[in-house]
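There are 4 protein chains.
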Amino acid sequence: MSGQLPNLAADAVLKQSIDVPDTFVKVSGVDYSKDSAYDSKATDLINSMRNMGFQASSVATACDIINEMSLWRGKHKDDLEEHEHTGVFDNEGYQRSTIFMGFTSNLISSGLRDTLRYLVQHKKVSAIVASAGGIEEDLIKVLAPTYMGDFALPGKELRDQGLNRIGNLLVPNDNYCKFEEWIVPILDTVLEEQQAALKKAGNDALDADSDAVWTPSRLIDRLGKEINDELSVLYWAHKNQIPVFCPALTDGSIGDMLFFHTFKAAPQRFHLDIVSDIRRINSMSMEATRAGMIILGGGLIKHHICNACLMRNGADWAVYINTGQEFDGSDAGARPDEAVSWGKIKAEAKSVKVYADVTVVWPLIVAATFAAQKP
Amino acid sequence: MSGQLPNLAADAVLKQSIDVPDTFVKVSGVDYSKDSAYDSKATDLINSMRNMGFQASSVATACDIINEMSLWRGKHKDDLEEHEHTGVFDNEGYQRSTIFMGFTSNLISSGLRDTLRYLVQHKKVSAIVASAGGIEEDLIKVLAPTYMGDFALPGKELRDQGLNRIGNLLVPNDNYCKFEEWIVPILDTVLEEQQAALKKAGNDALDADSDAVWTPSRLIDRLGKEINDELSVLYWAHKNQIPVFCPALTDGSIGDMLFFHTFKAAPQRFHLDIVSDIRRINSMSMEATRAGMIILGGGLIKHHICNACLMRNGADWAVYINTGQEFDGSDAGARPDEAVSWGKIKAEAKSVKVYADVTVVWPLIVAATFAAQKP
Amino acid sequence: MSGQLPNLAADAVLKQSIDVPDTFVKVSGVDYSKDSAYDSKATDLINSMRNMGFQASSVATACDIINEMSLWRGKHKDDLEEHEHTGVFDNEGYQRSTIFMGFTSNLISSGLRDTLRYLVQHKKVSAIVASAGGIEEDLIKVLAPTYMGDFALPGKELRDQGLNRIGNLLVPNDNYCKFEEWIVPILDTVLEEQQAALKKAGNDALDADSDAVWTPSRLIDRLGKEINDELSVLYWAHKNQIPVFCPALTDGSIGDMLFFHTFKAAPQRFHLDIVSDIRRINSMSMEATRAGMIILGGGLIKHHICNACLMRNGADWAVYINTGQEFDGSDAGARPDEAVSWGKIKAEAKSVKVYADVTVVWPLIVAATFAAQKP
Amino acid sequence: MSGQLPNLAADAVLKQSIDVPDTFVKVSGVDYSKDSAYDSKATDLINSMRNMGFQASSVATACDIINEMSLWRGKHKDDLEEHEHTGVFDNEGYQRSTIFMGFTSNLISSGLRDTLRYLVQHKKVSAIVASAGGIEEDLIKVLAPTYMGDFALPGKELRDQGLNRIGNLLVPNDNYCKFEEWIVPILDTVLEEQQAALKKAGNDALDADSDAVWTPSRLIDRLGKEINDELSVLYWAHKNQIPVFCPALTDGSIGDMLFFHTFKAAPQRFHLDIVSDIRRINSMSMEATRAGMIILGGGLIKHHICNACLMRNGADWAVYINTGQEFDGSDAGARPDEAVSWGKIKAEAKSVKVYADVTVVWPLIVAATFAAQKP
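Chains as they are written, first to last, in this note's numbering: chain A, 1 to 375; chain B, 1001 to 1375; chain C, 2001 to 2375; chain D, 3001 to 3375.
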């Protein structure tokens, strides 16, 4: 065989390809002949990443989708029937998309809290879904700081010192003691209010509009009001009437405090109803003129927003950012296309999943989108 | 330099090591000189994996820990004071460990449901924490099957056909229609019961022991009773009085049905309280003589069990199995040692994280532990 | 809106699905009513995993594919022309598939070495591609053991003690000193042989069949002969004439020793040619009647086998097992379908990727396939 | 138990922590009160990420380390003995660190090629280690472009069209045909040169300094010269005398061409020696005054640079960027601390691993470091 080029191999290796259609886009990168490549601005960087391939392109796509959902405008209020006055409107009276933003607890523990707060402060989003830690850590950070640590710090020594580790961050346990001092009087008060409402409403106390029914979103709103600090996400959510949903609000430090409170208040007990909150979030989805999803992390916060968007037969835009993989069949790892099969994202929607730790890409994405013009 | 071996390199490469201590264990694998290596049994395979390294060793460690937590026995009831009669006892009256098992929704969708049901049926675990899908999919599977699919099936076509994808599985949407038919009468009934209890209890209706307070675990128990099918995890949980916690029970199909029911029942509304459930799970943790955690998957179900175990200053054993990574600071990816820093796992506890899709390792682990002897 | 079920939501949630085709396969799991579920055998476990979903199903598919490629038989030698006498034949003279098995260095460091050796010893595979560490660690393990360690052992202390860490394994540096003592005389000899061949061949010394040309596979074969130990993978590869390819053989301890040897032997120098090895592996691919790929890990060993199979316009079967993900565009993470686009796997081939650490699944897979019958 | 707060829980939850040391750094994020937060510049963004936690902090640390290794200066040539004139010097005669940069093939396929080329063009790095595709794709891109695709494009259809997929990129197979046309005459020439050198050198043909010995780095240098295009990484590597190592150069399209060439040239054959290249890269490591590693991706390119740095008893700085995880014991996933145990990174070195797809972070990192000032 030595002297003859084998056809089998030659044909396989040198197989001819079709003529490339005109629509094909060439891979390209940063153009270092331009000044904008040096210490570049967020928007320039994103533009350079658009046709770079792999996740660089996904990041750029995420920016495009966010800009689109954020800047979308529909009809003016005056051109709508009364019953069409649902969803979100801009200051000039035009329909806007309803943007559901979900984030996990660790992002509030990280320095991203400032970015999330910025978005809420400036009404860039319409509703929030967070895990329990995403609620309490925002409040606790008003009381005392979180510190930089290291992924490798040994658990036993940290526990001896009362330092709780979250990835490469540390939260001194005293922060939770301060949180207890702060929240117990509030829990006393809301319990009183609940009991008073029960007495007042009597047999209607568990009806739809009963003031005796407290939900996680209602309690979170109260906490945001009470914390009264401009660095807090929840403060601005309260101020801007952006509902914050957290169906499992008991799953963390607030849960610990509610648990303790069951002893203090016995035989009375404060109750949190989750049915009225599912009514609330699903109604927002149905009433939205257009709906966008921005999901930072996985787990409950991802599923909850997607499920709400099923009520409108799918979101119009979706951006997922997380590190989950689909191979284990987890919802956290599911691609947007899985949500399409469920009717949670419309088939014609623009969607993208960015496979990245949120802290790596979200500051850049926000800098190049929501914050590309100063408000 | 050509002719002379450089000392710098030689010293670095040929650096002498310490004498290996006698305690060091040699890496080893399957011994194919033994018949047990051929079509081997689960216990033989696990024994061969113990000193194999990487995650093979972690799987074997998980088996060791599970055996230890499962077989642990304390004092006899007769040797305990009345107030010490808390936690779990075996049939002969000896103290057992309280085992909290958490799993995510997708595992119930998968064929692992049979394995999870086996564990509940035979009282191998003491309490369950599941995500909402982990509840409803167990019930739905009694009504209609889930099917094998493919990760790459396109979402749009699936939606057109009404086939919902979960990883490489498919759930026909009719299954959810059947579920609606099944659950609506039950929701009617429990609403009636709640309203009746409200009327009966009056101003005490929101007290600790009020019958008007329904929690997720109470509703799940009722659903397990109603489904009345021996293939169901929840049926056996009801039968064996194993509480099933799901603080965000509204985050899925049951939530859709509860949402619909708010329209049907208006102005009445069924309510689900999550405070009494945090009281319940935390109390189980405190009352446990010893506590073990078996956490299959990440997200809420992982955090919720860990948080409950903080109430007893830490679990005594912990097995995590999931694919999460710690680099993004997620709780899903956190190693057991992070939970040690929080007091959720005792410093001296035995713990392991197995980095794997649960479906790959859990059948093997159960075969080699809980199911190594026929009950 | 309170009293009326919204059609939008109802239609989306209760969308009717198509009638499920008869071909659909129901998800199922372990049947604990059978004795085989208890301490189950590998083949029983695999059968239970087949329709379990997620990666459990992938593991079962991998077993099916391996059995198929392993048991495939073609024509008898007597029914073939002389020039068709290429590829692999079984002992009775029937055509077999050529199986390329690739593995990364860490697998030889782990206890999987015994399993890999078993496969080579019993001629279950036809050719091997390994990374450099996969060669030298097999030899070194004959000289001294590798030990169990821990992923979290601190690097500085280990370096002070001369203990090299590989994941949760430890290799004392003295092992490499012993390796140097063992290999230097062999390098002296092969250099002598190379120089003698050069002198003998003169101007033909760099021709195709020149004895002066040493390739990585030729040196590895010699090392396998010299190590002369039945626990060694390379010993059996030599004995069974199974070529072991390692184009970057200098990338590790053997490279260190070759580097040192350049000083000792100067101005003479031993040379290793990689062109003749690409000729050799590609020829095996072209001459194969059928070709199967078993790729354990990622990186070079994966690409190299795939690339060789391009020469035959694609492998007929492919099993990948690794933890790589496709989102970063790495070859390590690429699914088999990416190789189809290149002609490295046939479009009609059976292929699967199992997303798992190899140590977790390979012992089980081998127990249920190659080792399901004692040879 | 109802009325009394359990001490066990209270003590565990409200455990007091130590006083936080002054050295602790507070977690912080983007300061949106500053104009620099809006469409922010790379350096401002990086500064905001430094104490953000998780991988945001790792990205900032990577920038710090890169700046340090890049800007480090030692003694002036005039203050050194003749034998100390090794390693890299800046234009003014001061010692610089030797920077080894490794990258995988897919990064050259992506738009990052421009960034990698920029670094080589401006002598920001001292040596390169690439996988085979990282060599040939740079050359091929001069001949014809790579295009944007999608991760989900089906392999069979692509193969029918002759479009090869790399993640979400597409390379028309004609590109490889063009490459063959380009490279065959060069292979003819280098074979002639090798044969001529053999004849000239005779019995010394395989000695250390023989011109008959061609290595991958020598061939790559020639290809960089021949391609003669300012968009090519290899062109600039040739021009700036930056060696490019690729021990497994045959593992890709160049290997295909070398394989074909063995038929065309028979009985003559071009040979590539890898021993002289390990001598070369290890010598660079030993001669370096300080050594830094920038490793983009995993597999061979990572191990090869680390191994070279063992020859100097460890690199002084190390930046890893990849998506590999350590749990499977792979070298790709190993943290820098594993390399410390081997003496490949100094114990006192600054090192970081960024867990991210390189395309997401490398443009930003380069913009904020090497390209923060226009050259």
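Beta carbons are placed, not taken as given, at the ideal position from N, Cα and C, and that holds for glycine.
- Within chain D, the residues whose beta carbon sits less than 8 angstroms from that of A:Ile-18 are Gln-3161, Gly-3162, Leu-3163, Pro-3172, listed in sequence order.
- Under the three-state reduction of DSSP output, C:Trp-2236 falls in the helix class.
- Residue state for A:Ile-321 is assigned as strand, using DSSP reduced to three classes.
- Within the segment 264–291 of chain A, the residues whose Cβ lies closer than 8 angstroms to some Cβ of chain B are Ala-266, Pro-267, Gln-268, Arg-269, Phe-270, His-271, Leu-272, Asp-273, Ile-274, Val-275, Ser-276, Asp-277, Ile-278, Arg-279, Asn-282, listed in chain order.
- For D:His-3304, the closest Cβ of chain C is nearer than 8 angstroms.
- Close to C:Lys-2015, with beta-carbon spacing below 9 angstroms, are these residues of chain A in chain order: Asn-313, Gly-343.
- With a cut-off of 8 angstroms on Cβ pairs, the segment 3261–3276 of chain D is not in contact with the segment 3293–3301 of chain D, counting fewer than three such pairs.
- Here D:Asn-3282 has Ala-3308, Met-3311 as same chain residues with Cβ atoms under 7 angstroms from its own Cβ, once five neighbours each way along the sequence are excluded.
- Spanning the alpha carbons of C:Asp-2150 and C:Asn-2175 requires a straight line of approximately 19 angstroms.
- A:Thr-250 reaches chain B at Pro-1247, Ile-1274, Val-1275, Asp-1277, Ile-1278, counting residues in chain order whose Cβ is nearer than 8 angstroms.
- Contact annotation: A:Glu-84 and A:Lys-350 have beta-carbon atoms that are not nearer than 8 angstroms.
- Here DSSP, grouped into helix, strand and coil, assigns D:Asp-3277 to helix.
- When the Cα atoms are used, B:Gly-1324 and D:Asp-3079 turn out to be separated by approximately 54 angstroms.
- Considering only beta carbons, the part of the segment 3019–3049 of chain D lying closer than 8 angstroms to chain A consists of Val-3020, Phe-3024, Val-3025, Lys-3026, Val-3027, Ser-3028, Gly-3029, Val-3030, Asp-3031, Tyr-3032, Asp-3035, Ala-3037, Tyr-3038, Asp-3039, Ser-3040, Lys-3041, Ala-3042, Thr-3043, Leu-3045, Ser-3048, Met-3049, in chain order.
- Residue pairing by DSSP places B:Arg-1165 opposite B:Leu-1170 in a beta bridge.
- Bounds of the alpha helix (DSSP H) holding B:Met-1049 are 1042–1049.
- C-alpha of A:Arg-159 to C-alpha of A:Tyr-32: approximately 50 angstroms in a straight line.
- Nearest to D:Cys-3063 by alpha-carbon distance, out of D:Ala-3339, D:Ile-3321, D:Phe-3327, D:Ala-3347, is D:Ile-3321.
- Judged by DSSP secondary structure, A:His-76 falls outside any alpha helix (DSSP H) and instead within the beta strand (DSSP E) spanning 73–76.
- Within 7 angstroms of the CB of A:Phe-260, no CB atom of chain C is found; the nearest one sits about 35 angstroms away.
- For D:Phe-3263, the uninterrupted alpha helix (DSSP H) run begins and ends at 3253–3265, by DSSP.
- Rounded to the nearest angstrom, the Cβ distance from B:Gly-1029 to C:Thr-2115 is 6 angstroms, consistent with a contact under 8 angstroms.
- Between B:His-1304 and B:Val-1125, the CB-CB gap reaches or exceeds 8 angstroms.
- In the assembly as shown, B:Val-1352 is a buried residue. Its beta-carbon has 16 or more other beta-carbons within 10 Å.
- Residues of the segment 1127–1152 of chain B with a Cβ closer than 8 angstroms to any Cβ of chain D, in chain order: Ala-1152.
- Contact of C:Lys-2156 with chain D by beta-carbon distance below 7 angstroms involves Val-3340, Ala-3347.
- Interface flag for C:Thr-2104 against chain D is set, since a Cβ pair is found closer than 8 angstroms.
- Within the same chain, Ile-128, Val-233, Trp-236, Ala-237, Asn-240, Ile-242 come within 8 angstroms of A:Val-120 by CB-CB distance, once the 5 residues on both sides are set aside.
- Put simply, the backbone Cα of D:Ala-3056 is about 25 angstroms away from that of A:Ser-330.
- Taking every protein chain shown into account, the CB of C:Asn-2164 has 16 or more other CB atoms within 10 angstroms, so this residue is buried.
- Of the other Cβ atoms in all chains shown, fewer than 16 fall within 10 Å of the Cβ of B:Ile-1018; this residue is therefore exposed.
- One alpha carbon belongs to B:Ala-1347, the other to C:Ile-2046, and they sit about 37 angstroms apart.
- Under the 10 Å beta carbon count, B:Thr-1098 is surrounded by 16 or more other beta carbons and is classified as buried.
- What D:Lys-3199 touches in chain C, judged by beta-carbon distance under 8 angstroms, is Asn-2203, going in chain order.
- Sequence-distant partners of B:Phe-1100 (beyond 5 residues in either direction) whose C-beta falls short of 6 angstroms from its own C-beta, in its chain, are Ala-1127, Met-1293, Ile-1305.
- Here the alpha carbon of B:Asp-1090 sits roughly 38 angstroms from the alpha carbon of B:Leu-1169.
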